[in-house]
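Protein chains in written order, with this note's numbering: chain A, 1 to 108; chain B, 1001 to 1108. One structure is given below, encoded as structure tokens.
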DNA sequence: TGGTTACGCTACATTATTTGTAGCGTCAAG
DNA sequence: CTTGACGCTACAAATAATGTAGCGTAACCA
């Protein structure tokens, strides 16, 4: 079920965009999909493989939500970030940097 | 069930920290908990309320995972970020900024 | 034209995760 | 010695995700 606007999303009780965002990103696979799209467009089936065989049901559901919210778009080249989505995608790199540091500190 | 190290976590098949991180943050409520802790420590019950009545079962499970990974700690003042966790928490503010822009563009 | 391939999905039964409610044991204050 | 807040645990019910199968479409190419 496509979501028409941000105010109809789960997590939007307060009407605060951050809540909608956290709720969306907090669904399993959403962050992973954003990560996999970080440097090039991928088709539906490429995404399935990259994500380690996420079920098509879930993948489709996440892609639809990301499209409804104009974070990604779909054309002949596959799925890719929108201009706005790319700014969010850039945060993925920050998370990657942080996680490296984190992993090395956890080993101590 | 406490997780001893990063290599035992779901999402760690590749051994890449970013996968463990994305998997953890991708569980429902994890990002929200990080958000709620952004400017002060909160007790278990305060977190329950702030998160809009998340179930204690889930809250405890998330808090345990975040503690196992040394992203938060728990003392007499309540739950709060560790030094490393604070750097991850700082990303929450970035997400908040992004979401404001996002919401205004979606309205067009 | 007919066969093969990749595409983006949908259907649906099984399994895993999350929820909601109730309540327990500990501790400190009054 | 009662009251309140604390951090939880138990467990049945509801919701979300999974895995497998396969559909309809379109492009390629023999």
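Yeah, the Cβ is synthetic: ideal placement off N, Cα and C, and Gly gets one too. Keep in mind the model is a prediction, meaning the values are calculated, not measured.
Please confirm whether residue i has its beta-carbon closer than 8 Å to some beta-carbon of chain A.
i              : result
residue 1017/B : yes
residue 1026/B : yes
residue 1049/B : no
residue 1001/B : Model confidence at residue 1001/B stands at a pLDDT of 37, short of 50, so the residue's coordinates are unreliable; what they give is reported in the following sentence. For residue 1001/B, the answer is no, since every Cβ of chain A falls outside 8 Å of its Cβ.
residue 1086/B : no
residue 1065/B : no
residue 1109/B : Chain B is shown from 1001 up to 1108; residue 1109/B falls before or after that span and cannot be answered.
residue 1059/B : no
Strictly under 8 Å for the Cβ-Cβ distance: is residue i near chain B by that measure?
i             : result
residue 100/A : yes
residue 96/A  : yes
Assign residue i to buried or exposed, taking buried as 16 or more other Cβ atoms, counted over all protein chains shown, within 10 Å of its Cβ.
i              : result
residue 105/A  : exposed
residue 1017/B : buried
residue 30/A   : buried
residue 1102/B : buried
residue 2/A    : Bear in mind that a pLDDT of 41 at residue 2/A, under 50, signals an unreliable position, so the model cannot answer this.
residue 75/A   : exposed
residue 26/A   : buried
residue 1055/B : exposed
residue 62/A   : buried
residue 23/A   : buried
residue 4/A    : Because residue 4/A sits at a pLDDT of 47, beneath the cut-off of 50, its placement in the model cannot be relied upon, and the following sentence gives the value as read from the coordinates. That one is exposed.
residue 53/A   : exposed
residue 1044/B : exposed
Quick check on this structure: which residue in the options has the alpha carbon closest to the alpha carbon of residue i?
i              : options                           : result
residue 1040/B : 1019/B, 1024/B, 1081/B and 1064/B : 1081/B
residue 1019/B : 50/A, 22/A and 19/A               : 50/A
residue 158/A  : 64/A, 22/A, 33/A and 24/A         : Since the first residue shown for chain A is 1 and the last is 108, residue 158/A is missing from the structure and cannot be characterised.
residue 1084/B : 1073/B, 1025/B and 1108/B         : 1073/B
residue 97/A   : 1095/B, 1087/B, 1093/B and 1100/B : 1087/B
residue 42/A   : 99/A, 94/A, 53/A and 79/A         : 79/A
Along the stretch 28 to 46 of chain A, where does the CB come closer than 7 Å to a CB of chain B? Name the residues. 28, 29, 30, 31, 32 and 35
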